[in-house]
Amino acid sequence: MTFAHKHIIGTQQLSKEDIELILETAESFKEINQREIKKVPTLRGKTIINLFYENSTRTRTSFELAGKRMSADTINISASGSSVTKGETLEDTAKNIEAMDADVIVMRHSCSGAPDYLAQRLTTCSVINAGDGFHEHPSQALLDLMTIKEHKGSIAGLTVAIIGDIARSRVARSNLYALKTMGATVRLAGPPTMLPPGLKEMGAEVYTDINEAIKDADVIIMLRIQMEREGGNTLMPTLREYAQFFALNTENVKLAKPDAIVMHPGPLNRGVEISSYVADGEQNVILEQVENGVAVRMALLYLLAGGTEEE
Amino acid sequence: MKILIKNGRVIDPSQEIDANLDILIEDGCITQLDNDIDPLGMDEVIDANGLLVTPGLIDIHVHLRDPGYEYKEDIVTGTRSAAAGGFTSLACMPNTNPVNDNKALTAYMINKGRIEGSANVYPICTITKSQKGKSLVEMGDLKQAGCVGFSDDGLNVDCGEVVRRAMEYASGFDMPIIAHAEDDAIKAGGVMNEGRVSTELGLTGNTWVAEAATISRDLLLAELTGARLHVCHISTRRAVELIREAKKKGVRVTCEVTPHHFTLTEEAVRGYDVNAKMGPPLRTDDDVAAMKEGLADGTIDAIATDHAPHHIDDKNVEFNVAANGLVGMETALPLTLRLVEEKILTLNQAIHCLTAKPAQALNIPRGTLNIGSPADIAIIDPELKWTVDTTKMYSKAHNTPFQGCEMTGAAMLTLRDGKTTFERK
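Just so you know, the sequences run in chain order A and B. My numbering numbers the first residue of the first sequence as 1 and each following residue consecutively. My numbering numbers the first residue of the second sequence as 1001 and each following residue consecutively.
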């Protein structure tokens, strides 16, 4: 089976077959990361640019390792601000990178739609969205699916609760699309200020009481709450109150199925959206997510940049 | 100089005329409107057989960007774009640089339109000095200079007291306050309509309430003060309902809708198309239906384009930071004629919304083929099929979501004061 996409912008564009192929490929690469010598020549001679307009440690490191373990040349560029403040347009920046014959640009950007913008303007280079504004974060959702599949065998028929600031979460959107495509039931929960319009039409069940969302769930994904906001906070009164009503703790986690797994895209705000007892508890698979992240990103890079005469 | 326009179907809603008539123009004015005028002794005879002959179209909401942003558009190119769309008179918004809050700039715009331009320019001045929302401009003086109304344009006047006093003061000079109705606080940085599409795209939404709340306030203040209120580019069903109700109560309110707000929906934003980014944003199917209902029952008085030319550099950036608006004057007529095709409006109603009704809203002494009027005339082929091609536009700017779209209907010849300002080859 071949992979039909030139870019990975979001999970909204991925079919069931696409997702299955990515996960199978990632599973086959996972073993490489457990070897003593963690390197294969699969992407030797390929150039991958991590173009990050927003801070990231985990995702950038994960993509960088993924490229390096496949023997690609990986370069990191940290840029700040949008084209307006930066003085060079995003198009110019990207075309300069393309002119240096890069094969893949992995981009994170604070503006929703920035990867679409690049994909529409580049001619040879592939684009992987590593998170754009409140839009999508496809590699995060795919690593979440891989982790769920490892624990549950299959995704179809599962109930997944995603809890937190849904409105401003690209992780929630990418997971919603991918999980729906794979046949799961998706529950989204948070205070109404964090639930944007249209979620039901997009196929989700929507809850303002997280206990209802957690009840009998197979998987719970907690989202990171942004601690500081410019110009006050109208989304929630205090972090204390948020933790009181919307955090996952040792009590409410019992409402889920006994074998439910607990996930978080990181970084954790311990004591805000998740209690340390749960984050470190038996049901947590948070570090497995991180481990699978490298394998999923290897799979994405391979599917976009691999498959040349060297194979 | 005697010009005769023969054999056309003359539509002049200001006089309830829809008949095959000839029009005689002498020295720039209409002097006769009759069956079969003798062409003998004419300097020029224009055969309008199979064509519509209407008053020159009037667009009461354009941005000509001159002075200050001539790299986007200027009065010469903007009025040329107008003439190509069949327009002969424009009311231009004051968000130039510097902003138009004074007599000198007002005179500059009028004169440049008259001497170098291809359409009459009727400036709208700011409500407040420097568009700061605080002190009133010299409204009486500006009226004498030729200003037709007051608007702080893209900036809503947040302070209710300032709006109230502006209305009271302007009403003494029988001048309208023109509202760009968008409550900034409720809008909360929204860059497209708030709804499912904004959620999917991860873009901050601008709820319909931002428009409706400001319109409610302004309608109540217009009721209180008895002032004339003109509401710009309405986009939501609730706006139509509020204005319909206010008109029934006798509030002196008029309003306009843009062709894009009765043609496109928020779906056009998918793919992050910056040419579909505008303020107010494109809304839903239901809102588009409400615009059509409002035009059909007369709640909406005028069709105006909100012609907003931008340089490619202002648009070729991330969606969040891209400039708002589109160029509209060269596509307004065919988009309006689609409403006739869809049987939403009669041809006469459609022309009325592009001529006499907008003229009345701002007391512009044009938009009629009355004997003695200046010969501002559009000769229109309602059947001409053409495709929007931004490289062939007369505007300096190319920002339109209609690029590549099929259009039916176009101005073939545009006359201002009896002089040709545009001829389609």
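Where is the CB? At the ideal position from N, CA and C, for every residue including glycine.
Residue i vs residue j beta-carbon contact at 8 angstroms
i                 : j                 : result
isoleucine 1046/B : isoleucine 1017/B : no
glycine 1149/B    : alanine 1411/B    : no
asparagine 1193/B : histidine 1310/B  : no
threonine 1106/B  : cysteine 1125/B   : yes
leucine 1219/B    : isoleucine 1303/B : no
isoleucine 148/A  : isoleucine 8/A    : no
histidine 264/A   : leucine 1201/B    : no
proline 1374/B    : glycine 1028/B    : yes
isoleucine 1379/B : leucine 1051/B    : yes
leucine 1024/B    : asparagine 1035/B : no
threonine 1199/B  : aspartate 1376/B  : no
glycine 1226/B    : arginine 1252/B   : yes
asparagine 175/A  : aspartate 144/A   : yes
isoleucine 1110/B : glycine 1160/B    : no
Straight-line Cα distance separating residue j from residue i
i                    : j                 : result
glutamate 311/A      : aspartate 1273/B  : Residue confidence is low: glutamate 311/A scores 39 on pLDDT, short of 50, so the model does not pin down where it sits. No coordinate-derived value is stated.
isoleucine 1030/B    : methionine 1291/B : 34 angstroms
valine 1321/B        : serine 62/A       : 30 angstroms
leucine 14/A         : glutamate 1267/B  : 20 angstroms
alanine 1104/B       : glutamate 1318/B  : 37 angstroms
threonine 1254/B     : alanine 1091/B    : 15 angstroms
glutamate 309/A      : alanine 72/A      : Note that glutamate 309/A scores a pLDDT of 43, beneath 50, so its modelled location is shaky; the value from the coordinates is reported in the next line. Roughly 15 angstroms between the two C-alpha positions.
arginine 1114/B      : glutamate 1073/B  : 17 angstroms
valine 171/A         : isoleucine 214/A  : 18 angstroms
isoleucine 19/A      : alanine 305/A     : 17 angstroms
valine 294/A         : alanine 204/A     : 28 angstroms
phenylalanine 1402/B : valine 262/A      : 48 angstroms
isoleucine 1364/B    : glycine 198/A     : 44 angstroms
lysine 1392/B        : tyrosine 207/A    : 53 angstroms
alanine 1185/B       : threonine 25/A    : 48 angstroms
cysteine 1405/B      : threonine 1331/B  : 10 angstroms
tyrosine 117/A       : alanine 1308/B    : 22 angstroms
glutamate 68/A       : serine 28/A       : Per the sequence shown, the amino acid found at residue 68/A is lysine instead of glutamate. Their backbone Cα atoms lie some 17 angstroms apart in a straight line.
leucine 248/A        : leucine 43/A      : 41 angstroms
serine 126/A         : proline 138/A     : 15 angstroms
Range of the contiguous beta strand (DSSP E) that encloses residue i
i                    : result
asparagine 1020/B    : 1017-1026
proline 1334/B       : Not the beta strand (DSSP E): proline 1334/B falls in the alpha helix (DSSP H), residues 1332-1341.
proline 47/A         : With the sequence shown as reference, residue 47/A is identified as threonine, and proline is not the correct amino acid for it. Where threonine 47/A is concerned, the enclosing beta strand (DSSP E) stretches over 47-52.
lysine 152/A         : No beta strand (DSSP E) holds lysine 152/A; the alpha helix (DSSP H) holding it covers 138-152.
proline 1358/B       : No beta strand (DSSP E) holds proline 1358/B; the alpha helix (DSSP H) holding it covers 1356-1361.
phenylalanine 1087/B : 1087-1092
alanine 1323/B       : Segment: none, alanine 1323/B is in no beta strand (DSSP E) and carries neither H nor E.
serine 126/A         : 126-132
histidine 109/A      : 104-109
threonine 74/A       : 73-78
phenylalanine 1422/B : 1419-1423
valine 219/A         : 219-222
First through last residue of the alpha helix (DSSP H) which encompasses residue i
i                 : result
arginine 1196/B   : 1196-1201
glutamate 1168/B  : 1160-1172
isoleucine 1215/B : 1208-1225
arginine 297/A    : 286-305
lysine 180/A      : 170-181
Residue i (DSSP reduced to helix, strand or coil)
i                 : result
valine 1099/B     : coil
isoleucine 214/A  : helix
proline 1055/B    : strand
glutamate 230/A   : In this predicted model, glutamate 230/A has a pLDDT of only 49, less than 50, meaning its place in the structure is not dependable enough to derive any value.
threonine 159/A   : strand
arginine 1238/B   : helix
glutamate 1406/B  : strand
threonine 1391/B  : helix
threonine 1128/B  : strand
histidine 1260/B  : helix
tyrosine 1272/B   : coil
asparagine 1049/B : coil
methionine 1109/B : helix
asparagine 1399/B : coil
Any chain E beta carbon closer than 8 angstroms to residue i
i             : result
arginine 58/A : Absence of chain E from the displayed structure is noted, the protein chains being A and B.
Worksheet item: In chain order, what residues of the region 263-282 of chain A put their CB closer than 9 angstroms to some CB of chain B?
Response: none
Worksheet item: Between the region 1256-1278 of chain B and chain A, which residues of the former have a C-beta closer than 8 angstroms to a C-beta of the latter?
Response: Gly1271, Tyr1272
Worksheet item: Looking at chain B, which residues of the region 85-99 of chain A have a Cβ within less than 8 angstroms of any of its Cβ atoms?
Response: For the region 85-99 of chain A, which is checked against every Cβ of chain B, the residues closer than 8 angstroms are Thr89, Leu90, Glu91.
Practice prompt. Taking a Cβ distance cut-off of 7 angstroms, strictly less, list which residues of the region 1311-1324 of chain B are near chain A, in chain order.
Written response: Answer set for the region 1311-1324 of chain B: Asn1316, Val1317, Glu1318, Phe1319, Asn1320, Val1321.
Practice prompt. Give, in chain order, every residue of the region 27-57 of chain A whose Cβ lies closer than 7 angstroms to some Cβ of chain B.
Written response: none
Discussion item. Any C-beta of chain A within less than 8 angstroms: which residues of the region 1183-1202 of chain B qualify?
Written reply: Glu1194, Gly1195, Arg1196, Val1197, Ser1198, Thr1199, Glu1200, Leu1201, Gly1202
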